[in-house]
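First comes the structure, then the notes that go with it.
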Amino acid sequence: MPTPHVEEEVRIYRENLEELERGCRVEYYRAYGGRELIASIERILDKECGRDSYFIVFREGLLISPRVAIAAVARTERVKRRSKPIARKPSIELLLRILGERNISEVLKKIGSIDDGEKNIVVINCTGCVTNGLKSMLKSISPDEETMKNGLKGIARLCLEKETGYGDSGETLEDLEKLVISCGISLEFEE
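Shown next, in the form of C-alpha cells:
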C-alpha cells in the first residue's frame with residue numbers, strides 16, 4: 086500500500102503531466118548533421134523560446150511519440166524542482182529520462198546524435214513561442230503510425246538491451262509507448 090507521501094507525489098506528477106499535455110506541442114523535423122546541427126538547434130531554441138523548450142536529435146530509425154516526449158518532460162521538470170539534475174543542459178536531461186540512463190556519453194553514442202548522418206529531431210515546445218528559425222533550417226515531417234512504432238521499437242531495444250524479454254511481436258503504438266515510458270521511469274527509482 087502506497088504511503089501518503091508517495092500518493093501525493095503521484096498526484097502532483099499526474100497534474101503536471103496533464104498540464105504539459107495541454108500546454109506543450111511536439112514537432113518533428115529531419116536534417117543531416119552531427120555536433121554542429123545540435124549546437125545550431127540549441128542556439129535557435131534558446132533565442133526563440135528560452136529554456137522551456139526541449140529537443141532531441143536521434144539517428145535515423147529512432148523516434149519517440151508525443152506521449153513519450155511529454156512524459157519525459159514531466160519527469161525532467163520534476164527532477165529540476167526536487168533534486169539535482171544529472172545533466173547541465175535540459176535536453177540532455179530529457180534524453181537520460183527517456184532511456185533511463187545516467188551516462189551521458191553512452192546515451193549520446195547509443196542514439197547517434199553527435200555522429201554525422203540523417204537525423205530525426207523531436208522538439209517539445211512548452212511555451213507559446215514560434216520556432217521560425219528551426220522551420221527555416223530543418224525539414225518539418227509528420228511521422229505516420231508505422232514510422233512512430235518503428236522508432237519506438239528502436240528506443241525500446243536500446244533501453245532494454247540487457248534484458249531478453251523484448252521482441253518485435255506486433256505491439257500497438259500504446260504498448261510501445263508504455264514500454265518506453267517504463268524504461269525512463271527506472272532512473273527515478275535510483276534517485
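Just so you know, we're using the numbering used here here: the sequence shown kicks off at 86 and counts up by one.
Cβ coordinates follow ideal geometry from the N, Cα and C atoms, glycine included.
Small disclaimer: the values here were computed from a predicted structure and weren't measured.
Look at E186 here: in three-state DSSP terms it is coil, with no helix or strand label.
The three-state secondary structure of S138, taken from DSSP, is strand. Under a 10 Å Cβ-count criterion, T161 is classified as buried, with 16 or more other Cβ atoms of the shown protein chains found around its own Cβ. In the three-state DSSP reduction, R173 falls in the coil class, being neither helix nor strand.
C109 is positioned such that its CB atom lies no closer than 8 angstroms to that of T216. The closest CA to that of G239, considering only A172, V164 and I196, is found on I196. Taking 8 angstroms as the cut-off, the beta carbon of I155 is found closer than this to the beta carbon of I209.
When the five nearest sequence neighbours on each side are left out, no beta carbon in the same chain lies closer than 6 angstroms to the beta carbon of S227. For L179, the closest alpha carbon among the candidates E106, D137 and E203 is that of D137. For the options R166, P175 and Y114, the alpha carbon positioned closest to that of L147 is the one of Y114.
Membership of I270 in any beta strand (DSSP E) is not indicated; the residue belongs instead to the alpha helix (DSSP H) covering L258 to I270.
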